[in-house]
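Scroll down for the structure; my scribbles are underneath it.
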Amino acid sequence: MKRVVILISGGGSNMVRLVESMTGDHPARAVLVVSNDATAAGLDRAALLGVPTAAIDHRPHGRDRAAFEAELLKPILAAEPDILCLAGFMRVLTPAFVERFAGRMLNIHPSLLPKYPGLHTHARAIAAGDGEAGCTVHEVTPVLDDGPILGQARVPVLPDDTPETLAARVLTREHLLYPAVLRRFAEGNRSPLMI
Ligand code: GAR
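full-length UniProt numbering puts the sequence shown at residues 1 to 195.
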């Protein structure tokens, strides 16, 4: 059984879908949910699902990412993960941290990468006049929102969309895509899933 640690920063709706998917004959189980924000609603949702949680506040470390990550690593390593899933985790990780989990860390990003790495993806897609948008699950490499693509899901951009309405439409697809990709990944299948 593969051990999965999920990193969040907020509501954790993707985390919930991942945890709920890992039952029965699924080859993985969620063993820990970690947030960089102790007030993240996702921590309560994880606890209700019976998954252990940890909160490591990044703020006392200021801009010292390495110091934050030294604390972040403690509960993660204690959980002995095979796979790390970033699910709305909004801190940029250092190359040293990423390389430690090379080939074992996934991220979901709310755009059709390589379009729109970084923030404000939906506003950028609308401003560009794109006819479609979506989300991407990819392996994490030291370059932000880069790395081999493991799956993508597409949605139309509608004429009256706002960043909020588009984000909500994309999120429904994130909830399908991430569990599907994680299952394939845990089974050793890294070929891209396009839905
Ligand atoms: C999701 O839309 C996810 O793709 C995005 O944050 C949201 C988290 O929602 N991630 C990023 O923007 C990463 N750069 P959730 O907490 O409800 O899963």
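By construction, the Cβ of each residue, glycine as well, lies at the ideal position given by its N, Cα and C atoms.
### Meets three-Cβ-pair contact criterion under 8 angstroms: the segment 42-51 and the segment 7-17
Counting Cβ pairs under 8 angstroms, three or more are found: they touch.
### Task
Indicate whether residue 163 and residue 122 have their beta-carbon atoms separated by less than 7 angstroms.
Within the sequence shown, the letter at position 163 stands for residue 163. Within the sequence shown, the letter at position 122 stands for residue 122. In contact: residue 163 and residue 122 (Cβ atoms closer than 7 angstroms).
### Task
Could you name the residues that DSSP lists as bridge partners for residue 105?
Here residue 105 refers to the residue found at position 105 when the sequence shown is read from its first residue. Residue 105 is bridged by DSSP to 84.
### Query
Taking the DSSP output, what are the residues bridged to residue 9?
Reading the sequence shown from its first residue, position 9 is the one you call residue 9. Per DSSP, none; premise fails for residue 9.
### Query
At a cut-off of 6 angstroms, is residue 216 close to the ligand GAR when judged by its beta-carbon and the heavy atoms of the ligand?
Residue 216 lies beyond the residue range present for the chain, which begins at 1 and ends at 195; the question has no answer from this structure.
#### Entry: Exposure label - residue 92; buried when at least 16 CB within 10 Å
Residue numbering aside, residue 92 sits at position 92 when the sequence shown is read from its first letter. Result: exposed.
### Query
Is the beta carbon of residue 3 sitting closer than 7 angstroms to the one on residue 34?
Position 3 of the sequence shown, counted from the first residue, corresponds to residue 3. Position 34 of the sequence shown, counted from the first residue, corresponds to residue 34. Going by C-beta atoms, residue 3 is not nearer than 7 angstroms to residue 34.
#### Entry: Heavy atom of the ligand GAR within 6 angstroms of residue 13 beta-carbon
Taking the sequence shown and counting its residues from 1, one reaches residue 13 at position 13. Under cutoff, so the answer is yes.
### Task
Determine the DSSP secondary structure at residue 139, reduced to helix, strand or coil.
Stepping through the sequence shown from its first residue, residue 139 is reached at position 139. Residue 139: strand per DSSP, three-state reduction.
#### Entry: Pair within 7 angstroms by beta-carbon distance, residue 50 and residue 8
Locating residue 50 in the sequence shown gives position 50, counting from the first residue. Locating residue 8 in the sequence shown gives position 8, counting from the first residue. For residue 50 and residue 8, no; Cβs fall outside 7 angstroms.
### Query
By the 10 Å Cβ neighbour count, where 16 or more other Cβ atoms means buried, how is residue 119 classified, buried or exposed?
Along the sequence shown, read from residue 1 onward, the residue named residue 119 stands at position 119. So residue 119 counts as exposed.
### Message
Is it buried or exposed, residue 187, if we count other Cβ atoms within 10 angstroms and call 16 or more buried?
### Response
On the sequence shown, position 187 is the one that residue 187 refers to. Label assigned to residue 187: exposed.
### Query
Thinking just about the alpha-carbon of each residue, which of 130, 10, 52 is nearest to the one in residue 86?
Start at 1 with the first residue of the sequence shown, and residue 86 comes out as number 86. With distances taken between Cα atoms, residue 86 lies closest to 10.
### Task
Please name the residue, chosen from 132, 57, 68, that lies closest to residue 116 on a Cα-to-Cα basis.
The residue given as residue 116 occupies position 116 in the sequence shown. Comparing Cα-Cα distances from residue 116 to each of 132, 57, 68, the minimum goes to 132.
### Task
Run the proximity test for residue 151: is its beta-carbon closer than 6 angstroms to any non-hydrogen atom belonging to the ligand GAR?
As a position in the sequence shown, residue 151 is number 151, starting the count at 1. Every heavy atom of the ligand GAR is 6 angstroms or more from the Cβ of residue 151, so no.
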